[in-house]
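For reference, the structure discussed in these notes is given below.
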Amino acid sequence: MTMRTDPRPPLVVAYPETRLPLLKTVALGVQHMLAMFGATVLAPLIMGFDPSLAILFSGVGTLLFIAITRGRVPSYLGSSFAFIAPVIAAQSQGGIPAALGGIIAAGVVYGVVGLIVMRTGVGWVEFLMPPVVTAAVVAVIGLALAHVAVDLAARNVWLALVSFSVAALVAVGARGFPRLIPILIGAVVGYAVALLSGDVDLETVRDAAWVGMPDFVTPVWNWRAISLIAPVALVLVAENTGHIKALSSSMDRNLMPYLGHGFLGDAVGTIVSAFGGGTGQTTYAENIGVMAMTRVYSIVVFIAAALTAIVLGFSPKFGALISSIPPGVMGGLAILLFGLIAATGGKIISDGGVDFSKPRSLIVLGSTLAIGVGSAALEWAHTTVANTLWNNDLPLTALDSVPTGTLDVGVGGYSFAIGNIALATFAAILVNQILVYVERLGGERAPASQAELVEQPSVHEVRT
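0 is the number of the first residue of the sequence shown in numbering that gives the first Met the number 0; add one for each residue after it.
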């Protein structure tokens, strides 16, 4: 059905250009900040980044995104989970500074894609990344991170069980706004239980100042770290295309002409964040959920949310409080989050109408999962062996016989590594395109599979 633009649907309270009263704007802005808060601080904690910087640059990135999209795409930028696995792998090449250089490279690649989309349109993106490819990549992100979540949870199983159970019960049984912030509520309850059981050290929190400059980190350039992280840009393209389509449908306004601007805004936010020591960024589905609930899409609300986050970023005490969250609490929440990310792949398959009676769909999905999860398991095994050798003062030469889970490629005397998620993404795109060509060449492509190549609405339509 072609999208209607006039008259406006009565359920929408405020469109992006609507200006709301100050108190209502601030209240709704704080609500959006709370919605993204749990996931935005969990990602840097898992990667070893400063959560204060992640919060600070989420606000800065959101303001940049709003400016680049000309205030037409209401969204909030938070820490992207697509970066976690490659960033952890890249830190062996030079720590967090090297990982930051890789995040900047991913932002540059992402920005170039945005500029190309602004000039040529989004059709080629949908052709390269139909739902079966997007679903496979999203599922790999969640499954490849599962070992990280389990490792954290194993450090205190009871705290992990408390935080997981509370977050899951809130997500399923709560009503209204609390249902949109299960991670935050699970973290608060888990932290409270940890306090009562004596599993939290508050000395750092007590010593931290209320106001102060965060500890910025300067990136360094390491080619192997860049090669591990830069391909994440392709994952962000698929992820944010879905987010903007969902927002278009929710708001009943076609935002696809601004998709390239959205890519560029997200990319600039990621680059600026990494230059200061923050995480890679992406638009947040949690905030799309808040908008769907409140029916308020006003841009000024997101400006208020961003400014609130920036203020919190300049509080060392706030950062110390977040950093004091026990690993067990983080592990329980990570199990829930990473599981949901993997399950989202199934939802994309369902919504996209992928036809699994066709061998191509089965092969693309199955091979992508096998490559992504298998290489993640090898990376985990390599890291575990390395830590064991290091802790027991044993020679690291034994690592030579343990696969790393990354693909090492040498070109002209230079070598670079491709991480598990990037490898799975490239494999999904390549395998799908080859099999599409084989189907066409063999004349076996049925009319029903036309929808599978571009199952999603065209750039001129949004389903209502």
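Don't be surprised by glycine CBs; every beta carbon is placed ideally from N, CA and C.
Residues that residue i bridges to, as DSSP identifies them
i	result
T68	None, per the DSSP bridge assignment.
G77	T281
A13	V295
For residue j and residue i, the rounded distance between their alpha carbons
i	j	result
L201	S323	7 Å
V219	I270	13 Å
N286	L76	9 Å
G122	M128	10 Å
A88	L227	8 Å
G276	I103	10 Å
G241	V72	13 Å
L335	G189	14 Å
E520	A42	For residue 520 there is no data in the structure shown, the boundaries of the chain being 0 and 463.
M46	L440	46 Å
A369	V132	14 Å
L468	A232	For the chain, the structure presents residues 0 to 463; residue 468 sits outside this window and is missing.
S448	L364	For S448, the predicted structure reports a pLDDT of 48, less than 50, and the residue's modelled location is therefore unreliable. The matter cannot be settled from this model.
G344	D354	15 Å
T39	P230	21 Å
F163	V199	18 Å
V210	T17	34 Å
L246	P85	28 Å
L258	S196	48 Å
G175	L168	14 Å
I83	V299	31 Å
I115	R223	26 Å
T538	A423	Outside the shown range of the chain, which is 0 to 463, sits residue 538, and nothing can be said about it.
G373	A135	14 Å
I182	A166	6 Å
A53	I321	11 Å
S91	V112	28 Å
V204	P315	8 Å
V149	S248	36 Å
I180	I65	23 Å
P15	Y296	5 Å
G351	I428	17 Å
G185	L151	15 Å
T68	F317	31 Å
H260	F48	28 Å
I362	S356	11 Å
P9	S74	For P9, the predicted model reports a pLDDT of 47, less than 50, meaning its position is unreliable and no value from the coordinates is stated.
F425	A342	21 Å
A385	V107	Interpretation of A385 is limited by its pLDDT of 45, a score under 50 that renders its predicted location unreliable; the figure taken from the coordinates is listed afterwards. Computed Cα separation, rounded: 32 Å.
I433	I243	28 Å
P358	N221	41 Å
Q30	A193	26 Å
T319	V124	The amino acid occupying residue 319 in the given sequence is Ala; Thr does not appear at that position. The straight-line gap from Cα to Cα measures roughly 41 Å.
A291	A191	31 Å
A97	A26	39 Å
G93	L44	18 Å
Inter-residue CB distance, residue i and residue j (contact presumed, cutoff 8 Å)
i	j	result
A13	L19	6 Å
G264	G141	Rounded, the Cβ-Cβ distance is 25 Å, inconsistent with contact.
G279	A105	6 Å
I340	F80	6 Å
S366	V430	6 Å
E238	T293	With 8 Å as the limit, E238 and T293 do not qualify as a contact, their Cβ atoms being about 23 Å apart.
A333	V147	7 Å
G28	A304	4 Å
L99	A207	That belief does not hold up - the Cβ atoms of L99 and A207 are roughly 23 Å apart, past 8 Å.
V236	F262	7 Å
V137	I347	6 Å
T51	P256	As written in the sequence, residue 51 is Ser, which differs from the Thr given in the question. Contact doesn't hold; Cβ gap of about 36 Å is too wide.
I225	G101	5 Å
V234	I95	At roughly 21 Å, the Cβ-Cβ gap does not stay under 8 Å, so V234 and I95 are not in contact.
G110	A266	4 Å
N419	A143	5 Å
Near the ligand FAD: residue i beta-carbon under 8 Å from a heavy atom
i	result
G241	Of the ligands one can find in the structure shown there are none, so the ligand FAD has no counterpart to examine.
Say whether the stretch 29-39 touches the stretch 246-255, bearing in mind that this needs 3 or more beta-carbon pairs closer than 8 Å, one atom from each stretch.
no
Meets three-Cβ-pair contact criterion under 8 Å: the stretch 155-167 and the stretch 311-329:
yes
Does the stretch 47-60 touch the stretch 299-315, meaning 3 or more C-beta pairs lie closer than 8 Å?
yes
Which whole runs of the alpha helix (DSSP H) in the stretch 219-252 are 4 residues long or more, in chain order?
222-228 and 231-250
Threshold first: 4 residues or longer. Then list the alpha helix (DSSP H) segments lying entirely within the stretch 290-364, N to C.
298-312, 315-322 and 326-351
Suppose only complete runs of 3+ residues qualify. What are the beta strand (DSSP E) ranges in the stretch 144-195, listed by chain order?
none
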